[in-house]
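So the structure is just underneath, and the comments pick up after that.
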Amino acid sequence: MSSIVDTSLLNFSLTNSIYSKYTQVQKSSYIKSIQSKEDAANTKISALGKLLNSLEELKTSLEGIKIESLKIMKTEVSDKGILTATASSSAAEGLYSVKVDRTAKSHTLYSKIYPDENSVVGTGTLTIRIGDNIGIDLDITESRKTLSRIKDALNASNANINASLLKETSGYRLVISAKDSGDENKINIIVSDDDLNNADLNGLSALSYDTNTAKNLTEFTPPYNAILFADSNFFEKAENKITDAITGITMKLLKEDDKFPVYITVSEDQNSLIFEKLNSFVEAYNNTVKLVDELRDTSSIMKRDSSVGYLRNSLTGIQAKTYNNSTLESIGFKFDTKDIMSIDIGKMNNAMISNLSNITTALNSLAEELETTVNSYIDSIIPNQQDIYRTFINEYIKAEKVVYKSFNR
């Protein structure tokens, strides 16, 4: 007796199998497209972060060329391993004693060991709060659930933290540090784990660091304020840059030594520091111009960002302007075909000998003009652009969730 095969059932089974494979291909294609856009947005946030750092350095160098008079103060530090010091024109000549009992430290945590960078941690939501600030929610979706991608998500967030991977013999740890030092900047991480257990060492809850739930991360460095004595006066500060302990002197604390003081000698200098500050400005200016050119390169992901182009025009526009009736070329600055700045030492030295007050006034005008531009980018343009890209990332995450939900019905 011949067997009877129900071809309608066979056809249905084949069709269903083909459809299942087709939908899986569709899902994979959608997810890859979303992840690619998310990665691009993260790259742009990172690129703008580099530009922000470069502009911060340029801003610092501009302070150095705001020379209000011929009085330039120099400092000598007895132990530069403990601290460094610079003096402004408001500093008084003399000998100062500073004892560093403790340097400020940022709160740093690390995770348990994972086999490799692509190890799956878990999915859910991380709520990250620094000190008394409002917590930042970070969705860890299927595409972000590995150790490496969680690190990237943390760095791209606005949570004021830095994340990195520490390689050890047996694997990798996730290291999380507060960007700002001081005991008021303690990290708190609350986890809403998709496995419904927010306190164990499995899944995303392995990254919990919360007094009320679980401290599954290990504290490497507690948050500390700096403690120092300047001429026997006690100071406690959240950071290691000290600007108000001794009038006119800025100190950077590097290491603690509660037994022996460091001595800072302040004396008046004439021209040597002018060139030192000018060289710092030239270096910071050139670094920014070069970075802007890299970001505007045709192969760069930032090539269509108009704000970067506007910044370059503002930076290089100084070549054609006059400051205190002097062009930069006339007082000893030079620019090559790529707008890279240098100093003609002989020409500038002659200009200083001829009329130093004219040079200092011109430099002040240059610094004030550039500072206005730089501040606008530091305070609003770049942060606002980064926030736009973060908004895009949040939308991509929502889209990813919709895709998973649609194909997993």
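Those letters in the sequence shown? Residues 1 to 409, by UniProt numbering.
The beta carbon of each residue, even a glycine, is placed where N, CA and C say it ideally should be.
- Of the residues K145, F260 and K237, the one whose Cα lies closest to the Cα of M251 is K237.
- Taking I31 as the centre and dropping the five residues before and after it, the same chain places the C-beta of S143, E400 and V403 closer than 7 Å to its C-beta, in chain order.
- When the beta-carbon positions are compared, Y224 and K105 come within less than 8 Å of each other.
- S314 is not a Cβ neighbour of A206, given a cutoff of 8 Å.
- Between N158 and R390, the beta carbon gap of about 6 Å places them in contact (Cβ cut-off 8 Å).
- Following the DSSP letters along the chain, one finds T243 inside the beta strand (DSSP E) bounded by residues K241 to I246.
- For N160, there is no enclosing alpha helix (DSSP H), as DSSP marks it with neither H nor E.
- In this structure, N324 sits away from A367, with a CB-CB distance that is not shorter than 8 Å.
- Residue environment analysis places S357 among the exposed positions, since fewer than 16 neighbouring C-beta atoms fall within 10 angstroms of its C-beta.
- Closest in alpha carbon position to F281, among D195, F333, E93 and Y310, is F333.
- A buried status is given to P261, since no fewer than 16 other beta-carbon atoms sit within 10 Å of its beta-carbon.
- Listed in chain order, the beta strand (DSSP E) runs fully inside the segment 76-105 are 83-87 and 94-102, counting runs of at least 3 residues.
- Within the segment 137-204, the beta strand (DSSP E) runs of at least 3 residues that lie entirely inside it are, in chain order, 161-168, 171-178 and 187-193.
- DSSP, reduced to helix, strand and coil, places D258 within a strand of the structure shown.
- Between A92 and V266 the beta-carbon gap is near 7 Å, inside 8 Å, which marks them as a contact.
- Per the coordinates, the alpha-carbon of S300 lies some 19 Å from the alpha-carbon of Q35.
- Checking the DSSP bridge columns, you'll see I264 partnered with V77 and Y96.
- The bridge partners DSSP lists for D269 are I72.
- Here the alpha carbon of E276 sits roughly 13 Å from the alpha carbon of N349.
- Going by C-alpha positions, I397 is about 8 Å away from D139.
- For D293, the closest C-alpha among the options N202, L51 and Y114 is that of L51.
- For the 8 Å CB-CB criterion, V191 and T108 do not form a contact.
- Residue pairing for T322: DSSP places it in a beta bridge opposite T327.
- I264 places its beta carbon 8 Å or farther from that of V100.
- Residue environment: G317 is assigned as exposed (fewer than 16 neighbouring CB atoms within 10 Å of its CB, all protein chains considered).
- The alpha-carbon of N42 is positioned some 35 Å away from that of T243.
- Between G64 and L278, the alpha-carbon positions lie close to 8 Å from each other.
- L95 and D258 have their alpha carbons spaced roughly 19 Å apart.
- R129 carries a strand assignment under DSSP once its states are collapsed to helix, strand and coil.
- By the neighbour-count definition (other C-beta atoms within 10 Å, threshold 16), S406 is an exposed residue.
- Cα atoms of D132 and K186: separation of roughly 9 Å, rounded to the nearest angstrom.
- A buried status is given to E38, since no fewer than 16 other beta-carbon atoms sit within 10 Å of its beta-carbon.
- Straight-line spacing of the CA atoms in T84 and I246 works out to 13 Å.
- In the three-state reduction of the DSSP assignment, I113 falls in the coil class.
- In this structure, D194 sits near G122, with a CB-CB distance shorter than 8 Å.
- Burial is judged here by how many other beta carbons sit within 10 angstroms of a residue's own beta carbon; K151 has at least 16 and is buried.
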